[in-house]
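Numbering of the sequence shown is given in this note's numbering, commencing with residue 11 and proceeding in unit increments.
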Amino acid sequence: MKVKALMAKFILDEEQVQIQNGKFVYKDVIFLDNPEQYPELVVGIENRHKTFVAQSHFRGRDRGNDFYVLVFQLTDLENDDDPGYFTIKYSPKKEVLEKEVNYDEKRQIFFDQPKLKMGRDKKWTYSNSLDKAVFGSVNAGVFYFNVYKKGSTTPVSPDFYKVCILPSSLSFENYQEMLNDILNIRRELIMEHNSSKQSIQLMWRHAIEDIEKTVAQIHGPLLRINQHPKTKIEEAIMKVPIRSIKKFNSKTVMNLLLNEGNVKSISSQPSESTDIYENQMIYFALAELKSYLEDSKTYIYQKSLRKKLEIDDQVRQLAKQHGVNNLTDLEVQISDSTTNPFFKVNYCRNMFKNLRPQITEDETIEVIFQIAKYSQNFIPKMSFIHNQLMTTINGSQFDIVNRVFPLDFMFHNQKLEYCIMEENRRVVHIKGRKVDLKLITADHRQHVFLLYKLFELNNQSVMNIHAVVKKNSIQDADPLRGNQAKNRNGEYYPDTYEYPISIIELKSINGLEVPKAITQSDLESWFNQYGVWEFKEEIRKQINSLNTKQIQTNNQVEEIKACNEKVRKLIDKLDGYLQLPFLLGVTKKKSRWKLTQIFTNDKNYSVVWKSLRELNKKYAFTSDFKETDFIVKKTDELYEYWILIQILKIFHDTGWKTTTGRSFKDVIDQFLDGRRMEKAKAGNLEGFRIKMEHNGKKQTNHLYKDGFVDIEKLEVIIHFNEYIAGKKPDYAFELTVFAGEGYQQRRITKWFYLDAKYRNYQEQSSLYGWFHDINTVAIDHYLNYFHAHDHPSHASFLIHPDVDNRYQFFGGYLNHTMAQNFHRVDQLFDRNPRQSFGSISCIPGQIRNLKAYVKMMIEYHFVEQKTPFICWECGSTDTDIQHRVIPGSQNIKFHISCHSCGEFWVRTHCDRNGHKLVKHLRDNYHKEEFEHYPWYVKCPVCDFPDS
């Protein structure tokens with residue numbers, strides 16, 4: 011008897027399901043054709059393991075609500091048995107009571123009946139709820155089942171069948187990558203331990219030198235062993251000439267009597283065999299060392315190459331943004347901008363070629379709004395940002411005598427207004443004064459037309475501007491209203507608000523549409539007067555940073571290439587040793603290190619044993635931990651463990667050291683031990699915690715009161731699946747900064763939470779499910795709950811494997827849609843998250859979001875304690891801090907460069923309200939106004955851009 015697995019789609023009989031109030035009734039079953047074409051499915055018996063692999067929510071190449079589930083057939087039955095004489099029972103764990111599955115007599119399939127739920131449209135559909143889930147449909151994990159004859163309690167087969175259901179949000183390849191990631195991180199930690207934590211190329215070179223030394227030590231002994239190997243005597247039954255038989259026994263005599271006249275007889279003959287433990291162990295160790303070199307060579311080269319390609323991509327991006335071919339040309343361009351009188355026109359002409367239309371992600375509204383013009387005491391500013399052109403007008407120069415702004419939302423004591431086109435021109439009165447106007451579009455004609463009309467109109471006049479603009483508020487009554495206005499002392503004006511106008515399409519001014527006849531030369535003329543190249547100093551330091559990183563990564567790749575040439579020669583040598591005659595006949599199997607009489611007393615065997623054993627103690631190249639051993643064990647937990655190890659790796663790589671009894675490697679080993687079935691309880695990391703410290707940054711020079719650095723140390727306790735105040739988050743971070751010294755030292759502790767979700771939101775539940783998860787878990791379950799209990803949360807996020815950008819949110823200022831769908835956070839006085847809740851993705855090869863989340867915890871949420879003055883890219887405290895006074899402001903921004911890795915970043919403030927911000931060259935957790943352009947980020951408190 012064999013068990014065959016199929017993927018089946020049950021077509022519901024919707025009428026009967028509705029009549030019978032949600033009872034599972036189906037009218038047809040469709041089987042998936044050619045399941046072998048799907049790499050995520052292994053629906054047959056795998057090797058000698060009775061294991062079936064499938065995916066939850068598996069839809070094949072279809073789309074929609076229906077999905078395939080795992081079903082089984084019994085084949086090759088004896089004596090023409092009917093499958094209906096058997097039952098299949100399963101359990102999620104071997105020791106749990108079994109549940110009997112259903113049987114379809116017509117199609118002769120066994121299946122676990124899917125559960126149904128009533129949807130928002132009042133129709134019954136498959137339930138995604140895990141507490142109602144069945145194996146093979148929505149519930150990921152490992153299940154065990156067996157086949158019984160009806161009426162029997164003894165299974166047909168003594169061994170369990172295993173079903174491995176992978177979450178649909180992760181592919182089978184992703185699981186393999188996650189396990190390889192864990193094994194490679196372990197290998198790297200071991201190398202690091204042997205080389206005092208140097209760069210990866212130096213660690214690899216050190217390991218190769220150790221291996222070369224060992225190979226040289228065993229070369230002579232192996233050749234001498236090959237000449238005179240230790241053997242054992244084996245009795246072999248064979249036909250031999252009668253004259254060659256030296257000793258007759260009863261079997262030989264009987265054979266001669268029965269086969270009289272034969273010149274050959276069957277005889278037991280002794281022979282020497284090298285297939286002894288010692289030779290098996292040598293073969294196993296050499297083969298494992300070869301495999302270790304091959305795997306490490308690939309991993310280390312790919313890791314360094316990936317880093318190099320990332321930097322190369324950043325260089326190409328930066329050059330492209332400014333219309334040049336390379337960073338050298340960009341440096342020349344920056345230098346030219348201060349000396350060449352024709353620079354602006356030439357720059358405008360060059361950047362004009364890069365203009366491209368762009369679709370905004372922000373909520374927009376079409377309006378006609380009014381602006382009063384009292385004078386020309388405003389200076390427009392035009393700038394190219396990547397493939398967009400931006401014109402900004404800030405009419406903030408208040409006329410004390412006439413009590414007006416040059417551009418005002420009030421005209422002769424009468425409040426101006428705007429009308430909303432989609433609502434039959436509903437009129438809204440503007441409760442504000444000062445005009446902040448911004449036009450962002452690639453259509454140069456709109457910019458020229460706006461400036462022309464602003465300067466053409468007489469003073470003491472009103473402009474009616476018809477445009478598509480970004481919403482500022484979720485208030486339907488007044489969607490353009492921003493924050494409440496403040497005076498210079500920070501006091502709020504009563505019933506007065508800011509109305510920042512961000513235009514993405516200008517349609518007309520005072521009834522006149524944008525002229526089609528406006529040319530590029532018209533733009534050049536205006537840009538020559540009002541054009542600016544912003545953030546030149548930041549861009550110059552960005553160039554320096556990228557140049558430094560390019561040199562570092564190029565050198566690293568070349569050094570690793572040179573090392574790998576030595577590795578190739580070592581592999582060739584090991585191949586040669588494995589072909590030695592005394593090793594060819596040994597049994598190829600996993601062997602354990604044990605000291606024997608031969609390894610002790612034979613000089614050559616002793617040298618080989620000691621040399622390989624010592625090398626193995628240093629590099630653990632014969633480790634039991636192999637990807638193939640774990641791929642079908644506890645898949646429902648693997649993603650959580652992998653995330654934990656990535657978190658520890660990020661902290662480890664940024665200068666944090668463990669201060670508890672166990673090391674980072676110990677955590678991995680405990681996890682790996684628990685992946686093996688025979689030690690299922692050994693690797694349980696439930697309730698695990700690890701404590702790590704960073705030595706902080708002390709600096710005696712005074713960088714104005716906002717920049718003085720004095721961090722004694724930082725401490726983090728990472729909790730994994732541990733109960734905290736009655737809740738059990740997947741990950742909790744208890745982060746403490748010790749600032750100041752002696753009696754002046756302050757200890758500031760903040761808590762952060764992260765919860766893993768197996769979701770492919772686009773296929774499973776789209777935005778509705780995403781909002782639901784953030785609301786119920788991140789906001790209600792952790793932020794609001796812990797606010798009322800101990801350990802109040804400063805940030806609570808989800809982490810999931812869906813890399814679609816729609817499901818990434820670092821908790822910036824809420825747009826209209828988000829504000830309507832997210833629950834309120836109890837401790838915040840308005841609806842803006844201030845990077846306190848959100849959702850990020852993380853899968854193998856794409857962990858930058860997780861790195862950004864860790865940076866955000868340490869930098870942004872401890873910005874008052876000056877943590878941004880430490881490099882959280884590499885962990886170095888050797889940073890150069892330069893303060894810059896922001897023009898037109900009393901605020902200071904800081905340019906920070908790392909002397910160790912070349913990283914450059916900026917600690918600054920938003921333009922309007924002085925809220926603190928941190929900007930990075932890539933992976934900003936503050937929202938970038940323009941994709942891949944780090945210098946314009948949105949404030950998470952008030953949505954204004956940075957200074």
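Quick reminder that beta carbons are idealized off the backbone N, C-alpha and C, glycines included.
Straight-line Cα distance separating residue j from residue i
i            : j           : result
residue 664  : residue 850 : 21 angstroms
residue 824  : residue 493 : 13 angstroms
residue 1029 : residue 874 : A question about residue 1029 goes unanswered here, because the residues of the chain that appear run from 11 up to 957.
residue 918  : residue 446 : 21 angstroms
residue 78   : residue 598 : 41 angstroms
residue 799  : residue 789 : 14 angstroms
residue 555  : residue 913 : 6 angstroms
residue 17   : residue 300 : 40 angstroms
residue 756  : residue 576 : 53 angstroms
residue 673  : residue 572 : 32 angstroms
residue 908  : residue 931 : 13 angstroms
residue 558  : residue 922 : 34 angstroms
residue 39   : residue 203 : 57 angstroms
Residue i in three-state terms, based on DSSP
i           : result
residue 361 : helix
residue 543 : coil
residue 166 : coil
residue 188 : helix
residue 30  : coil
residue 93  : helix
residue 206 : coil
residue 949 : coil
residue 780 : helix
residue 843 : coil
residue 495 : strand
residue 58  : Bear in mind that a pLDDT of 40 at residue 58, under 50, signals an unreliable position, so the number given afterwards is only what the model happens to contain. Coil.
residue 800 : coil
residue 471 : strand
residue 156 : strand
residue 23  : coil
residue 14  : strand
residue 578 : helix
Counted within 10 angstroms of its Cβ, other Cβ atoms place residue i as buried (16 or more) or exposed
i           : result
residue 776 : exposed
residue 893 : exposed
residue 749 : buried
residue 482 : buried
residue 854 : buried
residue 712 : Reliability of the predicted coordinates at residue 712 is poor, the pLDDT of 43 falling under 50, and no value is obtained from them.
residue 766 : buried
residue 830 : exposed
residue 59  : The predicted position of residue 59 is uncertain, since its pLDDT is 48 and thus under 50; a value taken from the coordinates is nonetheless stated next. The residue in question, residue 59, is exposed, as its Cβ has fewer than 16 Cβ neighbours within 10 Å.
residue 689 : Reliability fails at residue 689, whose pLDDT of 37 lies under 50, so the model's placement of it is uncertain and no value is given.
residue 211 : buried
residue 762 : buried
For residue i, the nearest candidate out of the options (CA to CA)
i           : options               : result
residue 471 : 484, 502, 416 and 498 : 416
residue 381 : 197, 301, 519 and 369 : 519
residue 62  : 112, 174, 203 and 290 : 174
residue 386 : 211, 404 and 118      : 404
residue 42  : 657, 72, 28 and 176   : 72
residue 835 : 793, 866 and 374      : 793
residue 528 : 454, 485, 569 and 76  : 454
residue 746 : 758, 563, 137 and 66  : 758
residue 221 : 876, 189, 618 and 319 : 618
residue 407 : 434, 443, 195 and 938 : 443
Check: residue i C-beta below 7 angstroms from any heavy atom of the ligand GDP
i           : result
residue 667 : Questions concerning the ligand GDP fall outside what the structure shown contains, since it holds no ligand whatsoever.
| request: Could you tell me which uninterrupted alpha helix (DSSP H) segments, each at least 4 residues in length, are contained entirely in the region 847-900, listed from first to last along the chain? | output: Runs of the alpha helix (DSSP H) inside the region 847-900: 858-868.
| request: At 3 residues or longer, and completely inside the region 380-463: list those beta strand (DSSP E) runs for me, N to C. | output: Secondary structure in the region 380-463: the beta strand (DSSP E) runs of 3 residues or longer, each lying completely within the stretch, are 391-395, 398-404, 427-430, 436-439 and 445-451 in chain order.
| message | If we require 3 or more residues per run, which beta strand (DSSP E) segments fall completely within the region 99-137? | response | Complete beta strand (DSSP E) runs here, min 3: 112-114, 119-121, 126-128 and 134-136.
| said: Could you tell me which whole alpha helix (DSSP H) segments of length 4 or greater appear in the region 273-312? | reply: Within the region 273-312, no complete alpha helix (DSSP H) run reaches 4 residues.
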